[in-house]
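Working notes, structure below.
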Amino acid sequence: MTARHLPDGDSAGTFLGHPKGLYVLFFAEMWERFSYYGMRALLIFYLTKWWLFSDGKANLIYGAYTSLVFITPMLGGYLADRYLGQRKAVQFGAILLTIGHCLMAFEGGVAGHEDNPAINVFWLALSFIMVGSGFLKANISVMVGQMYRLTDVRRDGAYTIFYVGVNVGAFLGSIIAGWLGETYGWRYGFGAAGIGMALGLVVFVMGRGKLLGRGEPPEPEVLARRHGGLRLETWLYIVSTASIGVLWALIQMQDAIGWLLLASGAVMLAYIAWVAVTRLEPHVRDRLFVILFLVLLNPIFWGLYEQTGGSLNLFTDRFVDRDMMGIDVKASVFQSVNPFFIITLGPIFSILWVWLNRRRLEPSAPAKFGIGILLVGLSFLTLVWGAEANGIDVPTPVIYIFLINLFQTAGELCLSPVGLSAMTRLAPAHMASLIMGAWFFGTGGGDFVAGKIGEATGGDSGAATKASILEVYSHIGWLGIGIGVAILVIAPFVTRLMHLDTLRDEDVDPVPPTADPYPMQERAG
Numbered sequence: 000m001t002a003r004h005l006p007d008g009d010s011a012g013t014f015l016g017h018p019k020g021l022y023v024l025f026f027a028e029m030w031e032r033f034s035y036y037g038m039r040a041l042l043i044f045y046l047t048k049w050w051l052f053s054d055g056k057a058n059l060i061y062g063a064y065t066s067l068v069f070i071t072p073m074l075g076g077y078l079a080d081r082y083l084g085q086r087k088a089v090q091f092g093a094i095l096l097t098i099g100h101c102l103m104a105f106e107g108g109v110a111g112h113e114d115n116p117a118i119n120v121f122w123l124a125l126s127f128i129m130v131g132s133g134f135l136k137a138n139i140s141v142m143v144g145q146m147y148r149l150t151d152v153r154r155d156g157a158y159t160i161f162y163v164g165v166n167v168g169a170f171l172g173s174i175i176a177g178w179l180g181e182t183y184g185w186r187y188g189f190g191a192a193g194i195g196m197a198l199g200l201v202v203f204v205m206g207r208g209k210l211l212g213r214g215e216p217p218e219p220e221v222l223a224r225r226h227g228g229l230r231l232e233t234w235l236y237i238v239s240t241a242s243i244g245v246l247w248a249l250i251q252m253q254d255a256i257g258w259l260l261l262a263s264g265a266v267m268l269a270y271i272a273w274v275a276v277t278r279l280e281p282h283v284r285d286r287l288f289v290i291l292f293l294v295l296l297n298p299i300f301w302g303l304y305e306q307t308g309g310s311l312n313l314f315t316d317r318f319v320d321r322d323m324m325g326i327d328v329k330a331s332v333f334q335s336v337n338p339f340f341i342i343t344l345g346p347i348f349s350i351l352w353v354w355l356n357r358r359r360l361e362p363s364a365p366a367k368f369g370i371g372i373l374l375v376g377l378s379f380l381t382l383v384w385g386a387e388a389n390g391i392d393v394p395t396p397v398i399y400i401f402l403i404n405l406f407q408t409a410g411e412l413c414l415s416p417v418g419l420s421a422m423t424r425l426a427p428a429h430m431a432s433l434i435m436g437a438w439f440f441g442t443g444g445g446d447f448v449a450g451k452i453g454e455a456t457g458g459d460s461g462a463a464t465k466a467s468i469l470e471v472y473s474h475i476g477w478l479g480i481g482i483g484v485a486i487l488v489i490a491p492f493v494t495r496l497m498h499l500d501t502l503r504d505e506d507v508d509p510v511p512p513t514a515d516p517y518p519m520q521e522r523a524g
């Protein structure tokens, strides 16, 4: 494939050392995350306090929903790679997400889910969000990578900047939507999330000129062909919208989702491995094996981490002294603590990686994953030790909610933006969105695991107690530390399979690097 030469001019310029298109993606994703995390801050409470599900069932629904949000990018990634291109996929996904978040504002007039037809609107809203996320989530992340050469040292920094945008939206959404929902009513919190998603759609459409032609359909003539009187592109939108009905049914069968994840995950991994072995040259094959290794670590990290919006949210509401300077802070507002730490620590980590790289001391991507999982394990032990030291029968000081979020944020910065960068750097160009979809699939698997862990905190009765939550947290804390140490031991071997010294830019002429670029060195584990 020959290189695709893109237009020059102001749209090809940079701002603060990065392509201007990065900031379009930054703000579009910021508003999308405002809507998602604003809704997420309220969801577990909406399930337990309005729909009156038990703690165990609510955690399972929460995990099933968040897992499907991260699994549907497999379909959206494939359709973008093969037909739509990333830009059209993101735009279509944003429209569905706006509808879904607005539907969440309809709560019905009667609390409780038993024999309440309004619950069907709730399931429908979740289904719109899940399909919309499938088209937006993986593809907008791929577009960030398309702005840079594979060997451009700015890539990890760009994804960290992008990740800060994610968390600016998450921070504002958790505070505004969470506070509105718990103070004035669910409809106001969810309505604010819908407005945020609409703003994200506007930003993306208006800023398309800064994207330098990235993410356009690979074969526009194929997309324009008519079948049964309609263009193929129209049929893709129709079928994708119809899939909302499938997810409407599936989200109501949470136990079946686990088996679906297991089966589809096995097929996905087998397909990628088959492509690696049968179709690719040795170095590219080895990189796909590294991708598989990193994807398999995703469910471990996120299975632990995603207690934040589920069982930890309930723990904060019921067992934590939330009085701060005389103000009883709403539990959902504490969902803003993690994105606040991301915003403040993200630039520090971005600078740290570059500083270490110049001295050839930067940990490899596999080593960063090990550090991340170790830190998330330590975060749970910190909460357990703090709660037990202060007494099981008294409210836990709020400082431990800040500490668990601090350790988890540090772990997240070692894994999530680094993983996004690794997926786009190591994947063959023709599989970019599929691989990014696989990355999010691993995250989705972790979300379902998180739901099962949250369900376990409820015990046999489904009602979580402080002791039952802390017992589960102690087990998963030590598990995380053990797995993290094991990854650090094998990281040097995995790093060699990345073959960073043979990476080449083949498909796109990206934005030229800024002054004083330095070569990416193969890193020690």
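Mapping the sequence shown onto numbering that gives the first Met the number 0, position 364 (from 1) lands on 363, and the numbers just tick up by one. Glycine included, C-beta positions come from ideal geometry on N, C-alpha and C.
Can you say whether residue i is buried or exposed, counting buried as having 16 or more other CB atoms within 10 angstroms of its CB?
i, result
"Arg424", "buried"
"Met435", "buried"
"Val294", "buried"
"Ile482", "buried"
"Asp327", "exposed"
"Gly244", "exposed"
"Ile43", "buried"
"Trp354", "exposed"
"Trp273", "exposed"
"Glu546", "No answer is possible for residue 546: it lies beyond the span of the chain, which begins at 0 and ends at 524."
"Gly228", "exposed"
"Leu525", "The shown model of the chain, from 0 to 524, leaves out residue 525, and the question about it has no answer."
"Asp254", "exposed"
"Tyr236", "buried"
"Thr277", "exposed"
"Phe91", "buried"
"Gly360", "The amino acid at residue 360 is misidentified as Gly; the sequence shows Leu. Exposed is the call here."
"Pro217", "exposed"
"Ala63", "buried"
"Val289", "buried"
"Met252", "exposed"
With a CB to CB cut of under 7 Å and the five nearest residues on each side skipped, what residues in its chain are close to residue i?
i, result
"Val319", "Pro394, Thr395, Val397, Ile400"
"Ser335", "Phe170, Ser173, Ile174"
"Tyr472", "Phe379, Leu382, Val383"
"Lys465", "Phe318, Ile391"
"Trp247", "Trp122, Leu123, Ser126"
Please work out which residues of its chain come closer than 6 Å, Cβ to Cβ, to residue i, disregarding the five sequence neighbours upstream and downstream, and give them in chain order.
i, result
"Gly457", "Asp54, Gly55, Ala463"
"Arg230", "Ala223"
"His100", "Ser34, Ala192, Gly193, Met196"
"Phe26", "Val202"
"Met29", "Gly164, Val167, Gly168"
"Ala364", "Val417, Ala421"
"Phe105", "Val120"
"Leu414", "Phe300, Phe368, Gly371"
"Asp515", "Note that Asp515 scores 35 on pLDDT, short of 50, meaning its location in the model is unreliable; the coordinates nonetheless yield the value given after this. Cβ within range, chain order: n/a, list empty."
"Asn337", "Asn404, Thr408"
Note down, in chain order, each residue of its chain lying with its Cβ closer than 8 Å to the Cβ of residue i, except the 5 sequence neighbours on either side.
i, result
"Ser349", "Asp155, Gly156, Thr159, Ile160"
"Met267", "Met73, Ala437, Phe440"
"His226", "Trp234"
"Ile403", "Leu311, Ser378, Phe379, Thr381, Leu382"
"Leu487", "Ala366, Gly369, Ile370, Leu373, Gly524"
In the DSSP assignment, what are the bridge partners of residue i?
i, result
"Asp320", "Pro396"
"Arg359", "The partner list for Arg359 (beta bridge, DSSP) is empty, contrary to what the question assumes."
"Arg186", "Per DSSP, none; premise fails for Arg186."
"Asp327", "Asp322"
"Arg230", "Arg225"
Taking 7 Å as the line, does the beta carbon of residue i fall inside it for any heavy atom of the ligand SAH?
i, result
"Gly172", "Judged by which ligands are present, the structure shown has none, so any question about the ligand SAH falls away."
So with Cβ pairs under 8 Å, would you call residue i a contact of chain B?
i, result
"Ala426", "No chain B is present in this structure, which holds just one protein chain."
> Is there contact between the stretch 94-112 and the stretch 193-206, where contact requires at least three CB pairs shorter than 8 Å?
Replying inline: Taking 8 Å as the limit for Cβ pairs, the verdict is that the stretch 193-206 does touch the stretch 94-112.
> Do the stretch 63-73 and the stretch 437-448 meet, that is, are 3 or more Cβ pairs less than 8 Å apart?
Replying inline: With the cut-off at 8 Å, the stretch 63-73 and the stretch 437-448 touch.
>> Does the stretch 283-299 come into contact with the stretch 484-500, if we say contact requires no fewer than three beta-carbon pairs (one atom in each stretch) closer than 8 Å?
In response: Short answer: they touch.
>> So, does the stretch 133-140 touch the stretch 72-92, judging by three or more C-beta pairs under 8 Å?
In response: Yes: the two stretches touch, three or more of their Cβ pairs being nearer than 8 Å.
> Counting pairs of beta carbons, one from the stretch 383-394 and one from the stretch 105-117, are three or more of them closer than 8 Å?
Replying inline: Fewer than three beta-carbon pairs drawn from the stretch 383-394 and the stretch 105-117 are found closer than 8 Å, and the two stretches are therefore not classed as touching.
>> Quick test of the definition: if touching needs 3 or more C-beta pairs under 8 Å, does the stretch 294-303 touch the stretch 356-374?
In response: In short, these stretches touch, since the Cβ pair count reaches three.
> At which residue ranges does the stretch 47-97 contain complete alpha helix (DSSP H) runs of 4 or more residues, listed in the order of the chain?
Replying inline: As far as the stretch 47-97 is concerned, its whole alpha helix (DSSP H) runs of at least 4 residues are 54-70, 72-78.
> Touching or not, the stretch 179-186 and the stretch 373-380, by the rule of three or more beta carbon pairs under 8 Å?
Replying inline: No contact exists between the stretch 179-186 and the stretch 373-380.
> At what residue ranges does the stretch 240-286 contain a whole run of the beta strand (DSSP E), taking only runs of 3 or more?
Replying inline: Fully enclosed beta strand (DSSP E) runs of 3 or longer: not present.
>> To test your reading of the DSSP string, which unbroken alpha helix (DSSP H) runs of 4 or more residues are found completely within the stretch 403-468?
In response: If we require 4 residues or more, the alpha helix (DSSP H) runs fully inside the stretch 403-468 come out as 431-456.
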